[in-house]
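Residue numbers 208 to 589, in the numbering used here, belong to the letters of the sequence shown in order.
Where is the CB? At the ideal position from N, CA and C, for every residue including glycine.
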Amino acid sequence: MINGLVYLDNNATTACYQAVVESMMPYWSQVFGNTESIHQAGRKASGVVEQCREDIAATVRTRPHQIFFTSGATEGNNFIFSSYARTPAVRKRVAVSAIEHKSVLKAAEALAPLGFDVVKLPVNTDGIVDVDKARMLIDDSIGLVSVQLANNETGVLQPVSDLVELAHEHGAYFHCDAVQALGKMTIDLQELGVDSASFSAHKIHGPKGVGFIYIASGSMKFPFVFAYKGGGQEHGLRPGTVNVPGIVGMATAMRMLPSDAKIHEMSELLRRFELGLVASGLPCVFHGDRAERLPNTSNFALCGIPADMLIANLPTLCISTGSACNSQEVAPSDVLKAMGVSDDEALSSIRVSLSTQTTEEEIDYAIMEISRATSRLKELLS
Ligand code: PMP
């Protein structure tokens with residue numbers, strides 16, 4: 208428990224590891240030079256950043272010249288679409304899966320007024336992009352395909368290697384939002400074969416506001432016009448003064464990515480959670496549970512109980528709705544809708560996402576609290 212709360216919303220963000228916080232400390236006021244400065248303070252800062260780049264590259268099985276630091280995955284995803292749109296003579300059609308994060312969906316949709324067509328690749332009822340249907344939709348008119356490695360709401364893994372092959376057969380570029388997969392499965396970018404992938408530190412117990420984008424070709428052979436203009440940082444691909452403390456914190460978190468054994472432990476806890484909910488007699492319908500999923504994510508409907516009401520009745524639990532909320536309205540999740548889930552069921556869906564810090568006690572507490580609140584609400588609503 209942290210501050211009396213059980214935090215099971217790790218797909219939204221994670222707590223920084225203490226070692227991450229400590230590793231960043233010297234880089235605010237001691238080693239604070241600008242990486243572009245040629246004096247000693249600048250050289251020290253740039254040396255540290257290059258070491259981080261090397262360590263991060265090794266963690267995702269790639270090379271340092273293919274790693275570019277960003278402010279996070281929203282920027283990484285937007286960079287690809289904006290760069291593509293700025294490039295003369297590219298194909299005027301792009302394809303994204305129907306269940307992408309908003310930072311991909313909206314970045315793709317922003318291309319429509321510029322004369323681009325956005326093709327949505329459908330998913331099946333398990334929440335997996337349908338490769339056969341993608342085969343019918345991806346042809347030589349498509350120049351850019353973007354599909355995530357794992358879904359942020361359901362945790363369902365996507366057939367990225369198959370889709371890369373398909374895109375490449377048609378001469379299209381393949382971008383992958385790999386944010387949710389990092390730290391929950393081994394990622395080998397060379398093997399995956401994607402042309403680019405975006406990542407974010409705050410999902411892996413690193414700091415917020417920092418991430419990286421992998422570009423297979425490196426900056427020199429990047430096929431599109433760089434979206435941003437400015438100084439020469441990150442080879443001009445992502446200009447702007449380099450966030451040294453953030454990068455140091457992210458590299459620490461990357462060096463601390465969980466072992467296979469730790470990931471297995473997390474999946475056992477997830478199993479304990481799901482079995483516990485069922486055993487307590489709750490009317491749960493799990494989304495995507497027949498598919499290969501991240502070891503930390505469970506998304507389920509408690510039919511007849513509005514998820515926002517349930518969460519309001521769980522003051523010591525941090526979990527999220529399976530719906531897209533803003534302060535004014537609650538709408539059924541586009542991801543669940545794309546899987547064929549009804550609006551009512553989507554509006555009673557909850558996402559629980561664990562971290563390597565989650566304990567058995569927290570899981571048992573969450574089951575007990577969800578079960579109590581559900582019974583209370585059932586009585587109230589009947
Ligand atoms: N993609 C996915 C799948 C995500 O879950 C998130 C974070 N919610 C993002 C992109 C955006 O990442 P960031 O917060 O670093 O902008």
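A direct Cα-to-Cα measurement between Tyr435 and Ser348 gives close to 26 Å. DSSP places Cys223 in the coil class of the three-state scheme, outside both helix and strand. The closest heavy atom of the ligand PMP lies less than 7 Å from the beta carbon of Gly279. Between Gly413 and Met457, the CB-CB gap stays under 8 Å.
A Cβ-Cβ separation of about 19 Å leaves Leu584 out of contact with Asn506 under the 8 Å criterion. For His246, the three-state secondary structure derived from DSSP is coil. In the structure shown, Asp515 adopts helical secondary structure according to DSSP, grouped into three states.
Note on geometry: alpha-carbon atoms of Glu586 and Arg579 lie some 11 Å from one another.
Taking 8 Å as the cut-off, the beta carbon of Val492 is found no closer than this to the beta carbon of Glu441. Residue state for Val559 is assigned as strand, using DSSP reduced to three classes. In this structure Ala460 is buried. Its beta-carbon is surrounded by 16 or more other beta-carbon atoms within 10 angstroms. Val485: member of the alpha helix (DSSP H) spanning Asp467 to Ala486, first to last residue. Residue environment for Gln387: buried (at least 16 other C-beta atoms within 10 angstroms of its C-beta). One alpha carbon belongs to Gly362, the other to Leu312, and they sit about 18 Å apart.
For Lys340, the closest of Ala423, Lys428, Leu588 and Asp369 by C-alpha to C-alpha distance is Asp369.
Here the distance from the Cβ of Gly495 to the nearest heavy atom of the ligand PMP is not below 7 Å. The C-beta separation of Leu399 from Val354 comes to about 11 Å, leaving the pair out of contact by the 8 Å criterion.
Assignment of Met392 by DSSP, reduced to helix, strand and coil, places it in the strand class. Residue Ser289 holds the alpha-carbon nearest to the alpha-carbon of Leu444 among Ala408, Gly511, Ser289 and Gly453.
Counting of Cβ neighbours within 10 angstroms places Ser549 among the exposed residues, the total staying below 16.
Here Glu569 has Val213 as same chain residues with Cβ atoms under 6 Å from its own Cβ, once five neighbours each way along the sequence are excluded. Annotation: the continuous alpha helix (DSSP H) that includes Phe288 extends over Ala280 to Arg293.
If you check the C-beta of His377 against the ligand PMP, you find no heavy atom less than 7 Å away. Inter-segment contact for the stretch 474-492 and the stretch 559-568 is present: three or more beta-carbon pairs are separated by less than 8 Å. For the set Ala265, Gln397 and Ser236, the Cα lying nearest the Cα of Met463 is the one of Ala265. Pro295 and Ala545 do not touch by the CB rule: their CB atoms are close to 33 Å apart, not below 8 Å. With contacts defined by Cβ atoms closer than 8 Å, Gly437 and Gly334 do not form a contacting pair. At least one heavy atom of the ligand PMP lies closer than 7 Å to the C-beta of Gln387.
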